[in-house]
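Heads up: the sequence shown is residues 12 to 446, going by the working numbering. Ideal Cβ positions, reconstructed from N, Cα and C, are used throughout, including at glycine.
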Amino acid sequence: MKRRILVLMVGLSVTLGFAGCGGGGKKNPPSGLKNRVLASQGVSSTSVGGSLVMIDGSNDTLPRVSPLAAGSNPGLMALSPMRNLAAAFDSGSNTVFVVDTTKETAIGNVHLAGPTSSMVFPNANPIGYAAVPGATINGFSFIGAVQVMNFSQGGVTTTIAVSNAQTVLANSSGTQLLVFSNAADLVNSVTVLSPGTAAPPVDTSCLSNTPNSVCTIVPGFDHPVYGIISGSTAYILNCGPECGGAQASVMVFDLPSLTITATIPVHAATWALLNGSTLYVAGTPPTNNACTGQTTKAATCGRLDIVDLGSGTVTGTAVISDGYHQRMDFTNNGQLFIGSRNCTNIGNVGNPSGEVRGCLSIFKTADNSVLMPPVNGDVSGLQGFTDRYVEYVAENGTLFVYDTTKDILLINDFLPQGKINIVGYVGDVKAIDFF
12 MKRRILVLMV GLSVTLGFAG CGGGGKKNPP SGLKNRVLAS QGVSSTSVGG
62 SLVMIDGSND TLPRVSPLAA GSNPGLMALS PMRNLAAAFD SGSNTVFVVD
112 TTKETAIGNV HLAGPTSSMV FPNANPIGYA AVPGATINGF SFIGAVQVMN
162 FSQGGVTTTI AVSNAQTVLA NSSGTQLLVF SNAADLVNSV TVLSPGTAAP
212 PVDTSCLSNT PNSVCTIVPG FDHPVYGIIS GSTAYILNCG PECGGAQASV
262 MVFDLPSLTI TATIPVHAAT WALLNGSTLY VAGTPPTNNA CTGQTTKAAT
312 CGRLDIVDLG SGTVTGTAVI SDGYHQRMDF TNNGQLFIGS RNCTNIGNVG
362 NPSGEVRGCL SIFKTADNSV LMPPVNGDVS GLQGFTDRYV EYVAENGTLF
412 VYDTTKDILL INDFLPQGKI NIVGYVGDVK AIDFF
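Rendered as structure tokens:
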């Protein structure tokens, strides 16, 4: 009997030991919040700085937690895959601010050579990459670069010249970057960088006419603007006619060999989301863009194509709001939130006597229907949850909360009062906990 009790006590001790080491528990952050969400808050007053505002994602409230400084006008945000790093770009100073989310403290900031609309942090290390189309390169007439940000050293360590670099993607190790440019000589190519081999402070390897250890320019695309990397494969979105090209498509790109292995034509392609073997692709074609099937005053609409990557075919298409699509998020109950900018806004949410719609579309995979919520403005941030039927949407500077269990046709269908009352302009939103 004593021996049995001893065995049980030893087993209990081991179990508690594993829990204390993270095997069965999770150490709460300094704020004590388990489901944290950060929203970038820009302000118009020069006497009050912008910040990253923390939200309790369990109940959509603003806890008594001091916001984290992020310049005067933070907007675009990026997370590392482990979410230990949260970055925000301040357009007021062209500076990227980074926060250690485990400690809820600032790591530092890095000043860029110009504005960016694309940055990536490939892993848990405080090293990121930003596409800076306006960066100047001494001794050269063109502008544009990918800048390597090292927050341990507190600055840009290397500027890799890429003419008019617009968007940058990274593989999981950060050893390979894909860069998209709208420069005349690169508009139908993808620039592949190996940033670890670049020579600081300025690397001009891409100006060479031949592939090298730092830079390889791969032709054969049609105005590529974005892509999704999954393992050793990248799904490249060819914008096609929407960006002045010939045919919108998804090209399957093998990263080890840098070769295009398949091409899947679509209606339009500026943004995408990968869910298993299904790729959802959104864009606004310049022709054949009628709002067929919708009762709306809008003259043009965008398209959502559903691509089965196994067969390499489009299995379905839906009519969505127009504009330049730049955000997607998939909810835990099968709804795809799709956001764009510069869309056709109809009506006024302040006087909803008639049709009201903006840049947000919600595609329901259960019946392939599309909802257009009655809110105007550009969509700059989307964030869903795994344990709640709620979606956060940053639209026109306001952070809305949507109940995804309802057909969202009325403002009263938002939860809890329709929005989270953050003072200032909300430019983006990111969940920093796995929930």
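* Going by Cα to Cα distance, which pick from T113, Y140, L285 is closest to P126? -> Y140
* Residue nearest to G294 in terms of C-alpha spacing, selected from N220, V121, V330, A210 -> V330
* State yes or no: is the C-beta of V236 within less than 9 Å of the C-beta of C254? => yes
* By Cβ distance, which residues of its chain are closer than 6 Å to T147, with the 5 residues on each side in sequence left out? -> I154
* Specify, as a first and last residue, the run of the beta strand (DSSP E) that L73 falls within. => Unbroken run through L73: none, as it is neither H nor E.
* Considering only residues of the same chain and omitting the five flanking positions on each side of D345, which have a CB-CB separation below 8 Å? -> The amino acid at residue 345 is misidentified as Asp; the sequence shows Gly. Excluding positions up to five away in sequence, the list reads K375, T376, A377.
* Could you give the DSSP three-state label for C250: helix, strand or coil? => coil
* What did DSSP end up calling T208 once you bin it into helix, strand or coil? -> helix
* **Rounded Cβ spacing between V167 and I138 (contact assumed at less than 8 Å)** => Contact flag wrong, Cβ pair sits at about 11 Å.
* As assigned by DSSP and simplified to three states, the class of S216 -> helix
* Asked: So V277 packs on D333, CB below 8 Å; how close in whole Å?
  -> V277 to D333, Cβ: 16 Å. No contact.
* DSSP on L270, reduced to helix/strand/coil? -> First, the residue type needs correcting, since residue 270 is Thr and not Leu in the sequence shown. Correct three-state label for T270: strand.
* **Terminal residues of the beta strand (DSSP E) in which A156 lies** => 154–161
* Proximity to V143 [Cα-Cα], best of A245, T306, I171 -> I171
* When the Cα of P227 is compared with those of V173, V386, A210, P211, which residue comes out closest? -> Checking the displayed sequence, the identity of residue 227 turns out to be Thr instead of Pro. Cα-wise, what sits closest to T227 is V173.
* For Q394, is the classification buried or exposed, using 16 other Cβ atoms within 10 angstroms of its Cβ as the cut-off for buried? -> Here Q394 is buried: its Cβ has 16 or more other Cβ atoms, across all protein chains shown, within 10 Å.
* To do: Note down, one range per segment and in chain order, each beta strand (DSSP E) of at least 3 residues found wholly within the stretch 91–153.
  => 96–101, 106–111, 116–122, 138–147
* Using CA coordinates, which residue listed in S391, D398, R399, Y413 is at the minimum distance from A405? -> S391
* Taking Cβ to Cβ, would you say L290 is nearer than 9 Å to L266? -> no
* In chain order, what residues of the same chain lie with their CB nearer than 7 Å to the CB of K430, ignoring the 5 residues before and after it? -> The answer, listed in chain order, is T409, L410, F411, V412.
* Reduced DSSP secondary structure (H/G/I, E/B, other) of C226 -> strand
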